[in-house]
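Below is one structure, written out as structure tokens, with a few remarks after it.
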Amino acid sequence: MNRSERNTSRIKLGFAAFCLSWVLLALPAVAADNIPYGFDSGGEKIFTRYNETPFSAMSGTDGRRNLNSFYELRQYPGSPPRIPHKVFPSFSGEQADCIACHGRGGYDVEQDTYVPVTPHPENELCYQCHVPKLTDELFVGTNWLSIPPPKLGNSQLGGSPPPIPHSLQLRGDCIACHTGSGAVAGIRVDHGSRGNCRQCHVEFLATEPALEFTRNK
Amino acid sequence: MKIDRRSFIKSAAATSAVATATSLFPGISFASWKQLEGATGMIRWEKAPCRFCGTGCGVLVGVSGDRAVAVKGDPACSVNKGLCCVKGYHSVQALYGKDRLTKAQVRKNGKMVEVPIQEALDIIAAKMKETIDKHGKDSVAMYGSGQWTIPDGYVASKLFKGCIGTNNVEANARLCMASAVTGFLTSFGVDEPMGCYEDIDYANVFITWGNNMAEMHPVLFSRMLAQRKRRNDVTIIDFATRTTRTSQASDKSILFKPQTDLAVANAICYEIIRNDWVNWDFVNKHVSFHKGKTNIGYGLEDKFKFKDKAEGIDFEQFKTFLKDYTPEKVEKMSGVPARDIRYLASLYGDPTKKVTSFWCMGMNQHTRGTWINNLVYNIHLLVGKISTPGNSPFSLTGQPSACGTVREVGTLTHKLPHGVVMKPKARELAEKIWELPAGSIDPKPTYHTVAMFRALDRGDIRFMWIQVTNPMVTMPKLKRYRDGALKEDRFIVVSDVYPTPTTDVADVILPAAMWVEQEGMFGNSERRTQHFDEIVPPPGEAMSDTWQIIEVARRLGFEKQFPWSQEEYIGKIWEEYRRFHDSPKHNMAPYKVLKARSGVQWPFVNGKETRWRFNAKHDPACTSGEDFHFYGKKDNRAWIWARPYEPAAESPDQEYNFWLNTGRVIEHWHTGSMTRRVPVLHNAMPSAYVEINPEDAADMGIVNGEMIKIISRRGEVTMPASINGRGVPTRGQVFVPFFDEKYLINEVTLDAFCPISKQPDYKKCAVKLEKA
Ligand code: SF4
Chain A
1 MNRSERNTSR
11 IKLGFAAFCL
21 SWVLLALPAV
31 AADNIPYGFD
41 SGGEKIFTRY
51 NETPFSAMSG
61 TDGRRNLNSF
71 YELRQYPGSP
81 PRIPHKVFPS
91 FSGEQADCIA
101 CHGRGGYDVE
111 QDTYVPVTPH
121 PENELCYQCH
131 VPKLTDELFV
141 GTNWLSIPPP
151 KLGNSQLGGS
161 PPPIPHSLQL
171 RGDCIACHTG
181 SGAVAGIRVD
191 HGSRGNCRQC
201 HVEFLATEPA
211 LEFTRNK
Chain B
218 MKIDRRSFIK
228 SAAATSAVAT
238 ATSLFPGISF
248 ASWKQLEGAT
258 GMIRWEKAPC
268 RFCGTGCGVL
278 VGVSGDRAVA
288 VKGDPACSVN
298 KGLCCVKGYH
308 SVQALYGKDR
318 LTKAQVRKNG
328 KMVEVPIQEA
338 LDIIAAKMKE
348 TIDKHGKDSV
358 AMYGSGQWTI
368 PDGYVASKLF
378 KGCIGTNNVE
388 ANARLCMASA
398 VTGFLTSFGV
408 DEPMGCYEDI
418 DYANVFITWG
428 NNMAEMHPVL
438 FSRMLAQRKR
448 RNDVTIIDFA
458 TRTTRTSQAS
468 DKSILFKPQT
478 DLAVANAICY
488 EIIRNDWVNW
498 DFVNKHVSFH
508 KGKTNIGYGL
518 EDKFKFKDKA
528 EGIDFEQFKT
538 FLKDYTPEKV
548 EKMSGVPARD
558 IRYLASLYGD
568 PTKKVTSFWC
578 MGMNQHTRGT
588 WINNLVYNIH
598 LLVGKISTPG
608 NSPFSLTGQP
618 SACGTVREVG
628 TLTHKLPHGV
638 VMKPKARELA
648 EKIWELPAGS
658 IDPKPTYHTV
668 AMFRALDRGD
678 IRFMWIQVTN
688 PMVTMPKLKR
698 YRDGALKEDR
708 FIVVSDVYPT
718 PTTDVADVIL
728 PAAMWVEQEG
738 MFGNSERRTQ
748 HFDEIVPPPG
758 EAMSDTWQII
768 EVARRLGFEK
778 QFPWSQEEYI
788 GKIWEEYRRF
798 HDSPKHNMAP
808 YKVLKARSGV
818 QWPFVNGKET
828 RWRFNAKHDP
838 ACTSGEDFHF
848 YGKKDNRAWI
858 WARPYEPAAE
868 SPDQEYNFWL
878 NTGRVIEHWH
888 TGSMTRRVPV
898 LHNAMPSAYV
908 EINPEDAADM
918 GIVNGEMIKI
928 ISRRGEVTMP
938 ASINGRGVPT
948 RGQVFVPFFD
958 EKYLINEVTL
968 DAFCPISKQP
978 DYKKCAVKLE
988 KA
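Listed in order, the protein sequences are those of chains A and B.
In case it helps, the numbering used here puts the first sequence at residues 1 to 217.
In case it helps, the numbering used here puts the second sequence at residues 218 to 989.
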């Protein structure tokens, strides 16, 4: 894109935003009366649906899934998270087909939130590692301590692509956790369409010391 | 402080990212767990086998400073290839319960008081000496566990069997694997599976016999599911008395009435012969037929004795024996439709299909446990589906080292690290390696576990040392054995990591090092020996069970047999122990190799592991020149046994009208003394319950969560009902998990056992239910 093209596209974008803001202001007023049913491919239905969905839910920033709630479900960085919602008591069989929701994600009406996607759908025996919480009480207290979760960012140069801070074991599907409305906002990327993530992001585990290069003479 | 440009940019970027995240969600502190102060965030990963089940997954324990802070599956371990279950992933948290035992305690005037551990060890040694002087050597006993490390069990055997000269050494594996052992010995003459977990990658048909693998061996079960997904020729059949997660994930669930697995196994053989699916070439070359005694009893009375006698029969006699087990007749006994029996037989009989059978406690905790093990081998032997990749009758183990420590080291009353005490040659070898005078080892076995606790109750045993197990939760007909342990003039030493109902009856409590707080080895279900280092230091005065025994042995004057230093004792013990298994049938890997790898299978011969025993292509101990060589038996053949159906020791009647079945759940390990201290596991499964069939519940007007009294002829216990919960028993049956010390289900169970293996049946007794 050369400079003039870039300018044009900026102008277009600005114009679009300008129009949209008018639409937002104008529509509630316009939609009120005398619009024939089915007008503009059922535009009213589309608008109502849009209008009823809170901005935070649409943008995935309703605060219900953030890094804190993400780690809240874990015992140490990388532990299998607990299940934060109710599951069918036997937690097996059809009613608890976890993959039905967590395989592809999407909006779940019951929980009123976007569903996080599992990075390892090939493992079908979900309850092998993930369990719900039936009580908050402990049998006896614990002295458990662990290390802090990896810091975000960690770019080696200003603006350089940050390295991958966690191991890829069972978490090798970047798209599952880092894109889409179900992803935790703090670690969601806006350029998921670029594909090949590891073209720019490489493993540099927060738990492993940095290796110095030495020549093998 | 001088900051160069590069690190400035780096730290600025990091802070700004965190700042952005926190400004999006104000008031949030990241991570709910308490953080290790001053932790660098760096982790050192050390290999170990998982602490819990007999699957024996390889884990990598993440260490920061001197604390274990994380776990991941060990990708280098062929058992689990990097995946664990929820217990494995949270296993390290079991080290850090608030009430960890860190000091020795001694009962003084009825109260437990803390003392320095050396003083407690003095007291133990003095008490042992006094008891032996007063009541003879057979009045002191050691009761250990399949969670003992191999060195733990080895020094226990050396001290008690060798130095003291009593065969009073038993382990809780008697309650868990004894029928598997006698099954192997009677059918093949040597213990432990011929196959290995790799069978899962080749089999087309999996049949789980009374085995809820999805919860008890989850990592192996998920390996099966993954194979089913990858290949389109895999079928999983669950054959059980109760609908479980395993039934739900399998392609077909077949339910049978308790105890009738004996009849169904015979009916499968009947069908195989009727359809001539017998692999004659294999049978003619490698199999011989036998029968044993019948009406063999249940061991309910004190000093019960039984000895089986094998008698050779021919194929025709075997065929005649099977006439009582036509599918139609067996349908009446078992409730399994004849067509399902035929279907099972056709799976075993189809020459194009590789079949693996899995089982564990359902077949072992059985008053005819040895028989049902024999019967499933019969099926595999008739069709020659054994000892080849994918064709595998596979007896799974419950505990992480039931194989390694109890079965291989031989911490059972009749066993030595090699052979049995009754055999002069075996005693001579042990006396030679242990540098003891000839005749030190007693040629007569004393008590198996149930008999040992009965002897404690009667007063024939006065001193018992219990390590790494919790019998005051797990013994059947618990009250008798708890009362026995509490009697005047009984002295109980308990080595453990947390307070339990067993430490409650102790006169001395020794704080033990747990799992990776000590160096040691486990041995899993597939003959794999797994070494682990001391990865984190034990807390307070906690000491490894091995070292506790060594300390006491030295106090008793056996310095010569226990000369090792604390720096190198594990390696030295391993190399001494290895001398017992110096043959291609059982060679163990050297210490160096064990240290380097994530588990090594035995027989380890000329640097190679043996994956399929008795198969000449894989097993260097085969010397017959044939494809297979069953060298365990004198006739060089595997034995098919004619074993009939006989009823359970106690079946439901008019008054006690329900079967009681007991077992585990995925979240908890055995009695929960470790896993209940892991927040995730306790939160997910906080309390035991009694599962009732929904129709039975409706008949009795019982609703979910209602308190129900379970009553047997031995005792009673009251707990909440679970209807359509984790599992659903068939009508007329209830199920209770045994992990919860608040609801001691073993007050109710029966101490009947298999007369051959002496393993009690925790799966069948009669109870009645009342609303509490
Ligand atoms: S399957 Fe067994 S060995 Fe594997 S992680 Fe779970 S408890 Fe541990």
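Note that the Cβ used here is the ideal one computed from N, Cα and C, for glycine as well.
From a predicted model like this one, the values you see are computed outputs, not experimental measurements.
How is residue i classed by DSSP in three states: helix, strand or coil?
i	result
Trp576/B	strand
Thr399/B	helix
Pro162/A	coil
Phe423/B	strand
Asn492/B	coil
Ala723/B	coil
Arg814/B	coil
Leu479/B	helix
Phe39/A	helix
Trp858/B	strand
Arg222/B	Bear in mind that the predicted position of Arg222/B carries a pLDDT of just 38, short of 50, making it unreliable; the figure below should be weighed with that in mind. In the structure shown, Arg222/B sits in a helix (DSSP, three-state: H, G or I).
Lys975/B	coil
Glu625/B	helix
Asp836/B	coil
Trp682/B	strand
Val637/B	strand
Asp455/B	strand
Pro688/B	helix
Is the closest heavy atom of the ligand SF4 to the C-beta of residue i under 7 Å?
i	result
Pro807/B	no
His434/B	yes
Lys304/B	yes
Gly273/B	yes
Cys101/A	no
Asn297/B	yes
Cys267/B	yes
Cys413/B	no
Cys301/B	yes
Cys129/A	no
Cys393/B	no
Cys200/A	no
Cys270/B	yes
For residue i, which option in the options has the closest C-alpha, if you only look at C-alpha atoms?
i	options	result
Pro150/A	Tyr76/A, Arg49/A, Phe39/A, Ile46/A	Tyr76/A
Ser868/B	Thr543/B, Lys981/B, His899/B	Lys981/B
Glu625/B	Pro754/B, Trp365/B, Val920/B, Met936/B	Trp365/B
Thr746/B	Pro807/B, Asp724/B, Ala770/B, Lys694/B	Pro807/B
Arg491/B	Thr537/B, Val951/B, His507/B	Thr537/B
Glu776/B	Asp350/B, Leu338/B, Asp355/B, Leu376/B	Leu376/B
Thr719/B	Met692/B, Ala337/B, Lys642/B	Met692/B
Thr113/A	Ala183/A, Cys197/A, His201/A	Ala183/A
Pro610/B	Ser742/B, Val547/B, Ala759/B, Ile381/B	Ser742/B
Pro662/B	Phe521/B, Glu843/B, Lys289/B, Asn384/B	Asn384/B
Closer than 8 Å, CB to CB, is residue i near chain E or not?
i	result
Ser167/A	The structure shown contains no chain E; its protein chains are A and B.
Q. Of the residues that make up the stretch 139 to 165 of chain A, which ones have a beta carbon closer than 9 Å to any beta carbon in chain B?
A. So the close ones are Phe139, Val140, Gly141, Thr142, Asn143, Trp144, Leu145, Ser146, Ile147, Pro148, Pro149, Pro150, Lys151, Leu152, Gly153, Asn154, Ser155, Gln156, Leu157, Gly158, Gly159, Ser160, Pro162.
Q: Please confirm if the stretch 688 to 698 of chain B is in contact with the stretch 729 to 737 of chain B, defined as three or more CB-CB distances below 8 Å between the two stretches.
A: no
Q. What residues in the stretch 308 to 326 of chain B bring their beta carbon closer than 7 Å to a beta carbon of chain A?
A. Gln310, Tyr313, Gly314, Lys315, Asp316
Q) Does the stretch 306 to 318 of chain B come close enough to the stretch 63 to 83 of chain A to have 3 or more Cβ pairs within less than 8 Å? A) yes
**Q.** Where the stretch 265 to 295 of chain B meets chain A: residues whose CB sits under 8 Å from a CB there
**A.** Gly279, Ser281, Arg284, Val286, Ala287, Val288, Lys289, Gly290, Pro292
Q: Mind checking the stretch 199 to 211 of chain A against chain B and listing, in chain order, the residues whose C-beta falls within less than 9 Å of any C-beta there?
A: Result list: Leu205, Ala206, Thr207, Glu208, Pro209.
Q: Count the CB pairs spanning the stretch 709 to 717 of chain B and the stretch 381 to 394 of chain B that are closer than 8 Å, and state whether there are at least three.
A: Segments in contact, no.
Q. Relative to chain A, which residues along the stretch 900 to 912 of chain B have a C-beta separation below 8 Å, given in chain order?
A. Asn900, Ala901, Met902, Pro903
Q: Compile a chain-ordered list of the residues in the stretch 117 to 138 of chain A whose CB is closer than 8 Å to at least one CB of chain B.
A: For the stretch 117 to 138 of chain A, residues whose beta-carbon sits nearer than 8 Å to a beta-carbon of chain B comprise Glu122, Asn123, Glu124, Leu125, Tyr127, Gln128, Cys129, His130, Val131, Pro132, Lys133, Leu134, Thr135, Asp136, Glu137, Leu138.
Q: May I ask you to list, following chain order, the residues of the stretch 175 to 196 of chain A that have a beta carbon less than 7 Å from some beta carbon of chain B?
A: Residues Ala185, Gly186.
**Q.** Stretch-stretch touch, CB-based, cutoff 8 Å, three pairs: the stretch 588 to 604 of chain B with the stretch 854 to 862 of chain B
**A.** Yes: the two stretches touch, three or more of their Cβ pairs being nearer than 8 Å.
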